[in-house]
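**Q** As you go down the protein sequences, you meet chains A and B in turn.
Residues in the first sequence are numbered consecutively from 0, following numbering that gives the first Met the number 0.
Residues in the second sequence are numbered consecutively from 0, following numbering that gives the first Met the number 0.
Got a structure here, written out as structure tokens. Questions coming.
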Amino acid sequence: MKFGVVVFPGSNCDADTLYAFREVMGQPAVSLWHKDHDLAGVDCVVLPGGFSYGDYLRSGAIARFSPLMRDVREFADKGGLVLGICNGFQVLLELGLLPGAMLRNKHLKFLCRPVTLRVENDRTRFTRRARKERLLSIPIAHFDGNYYAPPETLREIEDRGQVAFRYVDADGRATPEANVNGSLNNIAGLVNARGNVLGMMPHPERAAERLLGSEDGRVIFESMISTL
Amino acid sequence: MIDQRILDTHNLTRGEFDLIVSLIGREPNLTEIGVFSAMWSEHCSYKSSKIYLKGLPTRGRAVVQGPGENAGIIDIGGGKVIVFKIESHNHPSFIEPFQGAATGVGGILRDIFTMGARPIALLDSLRFGPLESPRNRSIMEGVVSGISSYGNSIGVPTVGGEVYFGENYALNPLVNVFCLGLADKDKIFYAKAEGIGNAVLYVGSKTGRDGIHGATMASAEFGKETEHKRPNVQVGDPFKEKLLVEACLEVMDRGVIVGIQDMGAAGLTCSTAEMPAKSGTGLEIDLDLVPQREEGMTPYEILLSESQERMLIVARPDKVAEVREIFSKWDLDAVEIGRVIEGDRMKVRFHGQVVVDVPVSAVVDLCPMYRRPVAEPAPLEPRNVRPVPSPGDLAAVFRKLLGSPTIASKEWVFRQYDHMVQTNTVLLPGADAAVLRIKGTTRALAVSLDGNSLYAQLDPKTGAAIAVAEACRNLACVGARPVGVTNCLNFGSPEKPGVMAQFKAAIDGITEACLAFEIPVTGGNVSFYNDTEGASIYPTPVLGVVGLIEDVGRVVTPGFKGEGDAVVLLGRMTPELGGSEYLKVAHGREDGLPPAINLAGERAVQETCLEAAEAGMLASAHDLSEGGLAVAAAECAFAAPGRLGCRLELEGGIRADALLFGEAQSRILVTVEPALLPALLDLAAKRGVAASRIGTIGGHRIRIAVAGAVPVDLPVEEARTIWSGAIPAYFEAKES
């Protein structure tokens, strides 16, 4: 499976994500320049974390206008696999590929720490290797991760099982205390209705090696790899 | 006509002015006065410190670049070098905490990538006034968010550092920023302006009126009117700098430039003067070509602006197009503003007129160096001159210490920093040292920043030596061997003989310690004039030591590991109470003498720890510092999985408070599986290091018995709550 990691000006997890796919997962992976119109024949597009365009104006708001994003939208519309991590998730929201928006974290501070996620749906192409209810320890690092959607959208998301991950405590309960950034329904990751686009605030590429403290992020990559 | 008022506003003395006149052979105009005042400021010229800095040991087999460049460089083998430096941004951070700290980060990053290295880690050494004061809280909050905003955005992890609190920093907080970079040995770049006729290119942000005379501001004391100086503080744009990093590293990688220099303190003036100075050439620039973001700027303003995120590049004329192309890929302009010329000239044009025409050497090299009056060192207090009464309730003291902000958990600070980006961070902040693996190898780098200013206030030489020793000890605890040192020397006004005495003694202490550990100083920064309303800060030498770990699989962490492991204290218990956090917290005293340090003994302890770590014997290791043995044991329990506790038994002979909380140096608390205990004790004995088993890991309490009594016995969870809640409690009202 060939992965393509999009580089926007201000992306800063692009190299980490490439490293995770290439060196840790042993998959072919290339970087895709945001000004191009070329997806280089990849099977999966990854929008990495970082501060595209400095996150000025609003996180992800400028990156969505990059030339390559037209190709990414077409790719997604055709059922291509798209993963947005952190800033990549924010870009997907701005693009309208996923519903909702991000607000500032509830304590109005940047937050970098490991969190516990609960797998809510194990039938997506991003989670099929993880049993439902499995707990994953994966770090977050963001200022704008407080997920918001209007009530009827939120109901739809929940009814269709689009929530991929929730923030939970060590015992797997989605409590208000475990909801680190104040997201509605503790939502940490979300797929689109079709199930081919995932946005998640936690960074699986930072949880792919034991040396760095957790390998729980690998199950997401393994799930994706297993779909092709 | 240059009058006394102009000289005063430029911090130039009459003598310095007369020297300028004789060097350029005429009276300088106002723009030239601006140029000289910035370059001859304490901040840029090191005129009061240079004669002492020369005494620091700077040589070593692996040193590629010592002091004098943007940063120091050490060869770590395998074709790789590390590039690192620490710098202060104290004054700007007091006036405008957020931008002051943010641009401090931006500045040190430029020092590193200017040399061809990719920045891989940031650390900060911070000092604030007590958190009881809303103003101090607001300064701390601003500084932390400034660091967070810049470092997180640019994608360089902030992996550690230190935070101290003391009344003497209330009106003069310290923000020292350290950056480590990694480069290929054959791709190091310098601030060279070689090749007559070569093009001078300006890249990065446009020039505005911000930060004019920042260097001069950093070279004077503060009075009550600091608010007016806010416009002198620069404004940072981390996004622009991120583009600059990528574009600069790309032009360097493609080999299309001759030399490069960032525009930091003294802005365009500094780079225009320093680049030719290093190459024996001259430089000619035209200010009309400099990209400007404001209208009607004078040549004085353009030359002295400290607008951020700007670099000066020298390239061969036939390579200019390629340089431009790379910068334009990153949406940055590269504008040709001048060329390298023959002769010792710095020539600046504006609207067709020559507005600066002075010898480069006069600006860069001929600033007068001062041997300022040095007071006789104040006689040191005799050891323990004032008796310390024994506190009745040692358990209460223990709780109080855990909740003292200097000792308490700094998680509130470092969780605001992205400490994981670049996926190299092996040890998270809070460990003895930050550890970063080097991708593609089995090796890792470790960094520690240390400095205890109360020690330095009570005895500058010992305090400075301890800072070096403790930084190295922290490295030893994670299993890293020190390879190089950088220092940030924060002092009061050099015009006060007492301050110069402290400075001189501190340099002596650093020198002795570096010689004892055989590590070279590769550079650093001196920050004088940390005086507000006449009062100087405690002398605060902050040492940054970088170490190397050959096998990243052998990294040792502070957390207790296994039930039943033996707890061993490496080093000797001696009764030391002077300058301790215990004395301050429990008795409200900042007196006595700092703990004594025997450098040879210290090194033997560290070598023992290193050897045991490299042999894979150690389950955990943690150094003893503020709060002594009791606090160190508690910290090991906090870092353990499942709140694992310990049962320690200390022999008497020394008063209980000194045993528990004293800060005797050269001590490391390690744990080993019981089967490995004899081997560890053997190892220590061979090096003549005192080592004794003082207890066992187990249970969920921190229990310390002293000569039959049990003064400390607290559930780990309860102790942890005090320790982790202390700093957030000061900010919580706002956050809930």
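C-beta: ideal position from N, C-alpha, C; glycine also.
1. To the nearest angstrom, how far is it from the Cα of S452/B to the Cα of I259/B?
2. Nearest-angstrom Cα distance between D252/B and A129/A?
3. Could you check which residue in R112/A, N195/A, D76/A has the C-alpha nearest to that of M228/A?
4. If you run the structure through DSSP and keep just helix, strand and coil, what is I137/A?
5. Assuming V41/A and A207/A form a contact by the criterion Cβ under 8 Å, report the distance between their Cβ atoms to the nearest whole angstrom.
6. Which chain A residues are close to M419/B, counting only those with a beta carbon under 8 Å from its beta carbon?
7. Quick one: what does DSSP say V4/A is sitting in, helix, strand or coil?
8. Could one say the Cβ of I438/B lies closer than 8 Å to chain A's Cβ atoms, at least one of them?
9. Quick one: is H141/A buried, meaning 16 or more other Cβ sit within 10 Å of its Cβ, or exposed?
10. Skipping 5 residues on each side, what residues in its chain have a beta carbon closer than 8 Å to that of M499/B?
11. If you compare alpha carbons, which of C471/B, A633/B, N486/B, G707/B is closest to E606/B?
12. Comparing alpha-carbon positions, which option in L181/B, I32/B, G279/B, R686/B lies nearest G439/B?
13. Measure the C-alpha to C-alpha separation of K121/B and V484/B and round it to an integer number of angstroms.
14. Return helix, strand or coil for W32/A, following the three-state DSSP convention.
15. When we look at the beta-carbon of M38/B and count the other beta-carbons within 10 Å, is it buried (16 or more) or exposed?
16. Measuring only the C-alpha atoms, how far is A169/B from Y581/B?
17. For P298/B, which of helix, strand or coil comes out of DSSP?
18. Which residues mark the beginning and the end of the alpha helix (DSSP H) in which G106/B is found?
19. Using a Cβ cut-off of 8 Å, pull out every chain A residue sitting near Q415/B, in sequence order please.
20. Return no unless some Cβ of chain A is closer than 8 Å to the Cβ of K205/B.
21. Between F64/A and chain B, is any beta-carbon pair separated by less than 8 Å?
22. In this structure, what does DSSP give as the bridge partners for V541/B?
23. Counting only beta-carbon atoms, is G99/A nearer than 8 Å to chain B?
24. How far does the alpha helix (DSSP H) with Q605/B in it reach, from first residue to last?
25. So what's H621/B in DSSP terms, helix, strand or just coil?
26. Mind pulling the chain A residues with CB within less than 8 Å of T424/B?
27. Between D330/B and chain A, is the shortest Cβ-Cβ distance under 8 Å, so that the two count as touching?
28. Near D550/B, what residues of its chain come up, given a Cβ to Cβ distance below 7 Å and the 5 sequence neighbours on each side ignored?
29. Applying the 10 Å Cβ sphere with the 16-neighbour rule, what's the burial state of A88/B?
30. Fully enclosed by the region 413 to 482 of chain B, which beta strand (DSSP E) runs are 3 residues long or longer?
31. Does the CB of F220/A have a neighbour CB from chain B at under 8 Å?
32. Mind reading off the beta-carbon distance from F164/B to T405/B? Whole number of angstroms is fine, and I expect it under 8 Å.
33. Given L675/B, which residues of its chain have a CB within under 7 Å of its CB, disregarding the five upstream and five downstream residues?
34. For G263/B, which residues from the same chain have a beta carbon less than 8 Å from its beta carbon, with the 5 sequence-adjacent residues on both sides left out?
35. With 9 Å as the limit, tell me which residues of the region 70 to 95 of chain A have their beta carbon closer than that to any beta carbon of chain B; keep them in chain order.
36. Note down, in chain order, all residues in the region 162 to 179 of chain A with a beta-carbon under 9 Å from any beta-carbon belonging to chain B.
**A** Well, looking at it:
1. Along the second sequence, read from residue 1 onward, the residue named residue 452/B stands at position 453. Along the second sequence, read from residue 1 onward, the residue named residue 259/B stands at position 260. If you take the alpha carbons of S452/B and I259/B, they lie about 36 Å apart.
2. For the purposes of this step, residue 252/B is identified with residue 253 of the second sequence, where counting begins at 1. For the purposes of this step, residue 129/A is identified with residue 130 of the first sequence, where counting begins at 1. Computed Cα separation, rounded: 42 Å.
3. One cannot answer for residue 228/A here, as it falls past the ends of chain A, which runs 0 to 227.
4. As a position in the first sequence, residue 137/A is number 138, starting the count at 1. Reduced to three states, the DSSP call for I137/A is strand.
5. For the purposes of this step, residue 41/A is taken as residue 42 along the first sequence, with counting starting at 1. For the purposes of this step, residue 207/A is taken as residue 208 along the first sequence, with counting starting at 1. Not really, about 19 Å apart at Cβ, beyond 8 Å.
6. For the purposes of this step, residue 419/B is taken as the residue at position 420 of the second sequence. C111, P138, A140, H202, R205, L211, listed in chain order.
7. In the first sequence, counting from the first residue as 1, residue 4/A sits at position 5. If DSSP states are grouped into helix, strand and coil, V4/A belongs with the strands.
8. Indexing the second sequence from 1 puts residue 438/B at position 439. It is Lys, not Ile, that sits at residue 438/B in the sequence shown. Look at K438/B: its C-beta is under 8 Å from a C-beta on chain A.
9. Stepping through the first sequence from its first residue, residue 141/A is reached at position 142. In the assembly as shown, H141/A is a buried residue. Its beta-carbon has 16 or more other beta-carbons within 10 Å.
10. Within the second sequence, residue 499/B is the residue found at index 500, counting from 1. Closer than 8 Å at the Cβ level, and outside the excluded window around M499/B, lie S47, R371, P372, V373, A374, P493.
11. As a position in the second sequence, residue 606/B is number 607, starting the count at 1. In this structure, C471/B is the residue among C471/B, A633/B, N486/B, G707/B with its C-alpha nearest to the C-alpha of E606/B.
12. Against the second sequence, residue 439/B aligns to sequence position 440. Nearest C-alpha to G439/B: L181/B.
13. To locate residue 121/B, count along the second sequence from 1; it is residue 122. To locate residue 484/B, count along the second sequence from 1; it is residue 485. First, the amino acid is wrong: residue 121/B is Leu here, not Lys. Their backbone Cα atoms lie some 15 Å apart in a straight line.
14. Working through the first sequence from its first residue, we reach residue 32/A at position 33. Strand.
15. On the second sequence, position 39 is the one that residue 38/B refers to. With 16 or more Cβ atoms within 10 Å of its Cβ, M38/B is classed as buried.
16. Against the second sequence, residue 169/B aligns to sequence position 170. Against the second sequence, residue 581/B aligns to sequence position 582. Those two C-alpha atoms are separated by around 21 Å.
17. Against the second sequence, residue 298/B aligns to sequence position 299. Shown here, P298/B sits in a helix according to DSSP, grouped into three states.
18. Start at 1 with the first residue of the second sequence, and residue 106/B comes out as number 107. Run containing G106/B: 96 to 112, per the alpha helix (DSSP H) assignment.
19. For this step, residue 415/B is matched to residue 416 along the second sequence. Simply K108, F109, L110, C111.
20. Indexing the second sequence from 1 puts residue 205/B at position 206. Output row for K205/B: interface = no.
21. What you label residue 64/A is simply residue 65 of the first sequence in a count that begins at 1. For F64/A, the answer is no, since every Cβ of chain B falls outside 8 Å of its Cβ.
22. Translated into the one-based positions of the second sequence, residue 541/B becomes position 542. Partner(s): C487/B.
23. One-based indexing of the first sequence puts residue 99/A at position 100. Proximity of G99/A to chain B, defined by a Cβ-Cβ separation below 8 Å, is not satisfied.
24. The residue you call residue 605/B lines up with position 606 of the second sequence. That run of the alpha helix (DSSP H) goes 598 to 613.
25. Numbered from 1 along the second sequence, position 622 holds the residue referred to as residue 621/B. H621/B: strand per DSSP, three-state reduction.
26. One-based indexing of the second sequence puts residue 424/B at position 425. Result: L211.
27. Taking the second sequence and counting its residues from 1, one reaches residue 330/B at position 331. Closer than 8 Å to the CB of D330/B there is at least one CB belonging to chain A.
28. Mapped onto the second sequence, residue 550/B falls at position 551. For D550/B, where only same-chain residues beyond five positions count, the Cβ hits under 7 Å are T441.
29. Numbered from its first residue, the second sequence carries residue 88/B at position 89. Before going on, a small fix: residue 88/B reads as His here, not Ala. The residue is buried, with at least 16 neighbouring Cβ atoms inside 10 Å.
30. 424 to 426, 433 to 436, 443 to 449, all fully within the region 413 to 482 of chain B.
31. Here residue 220/A refers to the residue found at position 221 of the first sequence. At a cut-off of 8 Å between beta-carbon atoms, F220/A makes no contact with chain B.
32. The sequence position of residue 164/B within the second sequence is 165, counting from 1. The sequence position of residue 405/B within the second sequence is 406, counting from 1. Between F164/B and T405/B the beta-carbon gap is near 5 Å, inside 8 Å, which marks them as a contact.
33. Taking the first residue of the second sequence as position 1, residue 675/B is located at position 676. Annotation for L675/B: M616 place their beta carbon closer than 7 Å to its own, counting only its chain and skipping 5 residues before and after.
34. As a working mapping, residue 263/B is identified with position 264 in the second sequence. Around G263/B: G106, R109, D110, C269, E305.
35. Hits within the stretch: zero.
36. Cβ contacts with chain B: none found.
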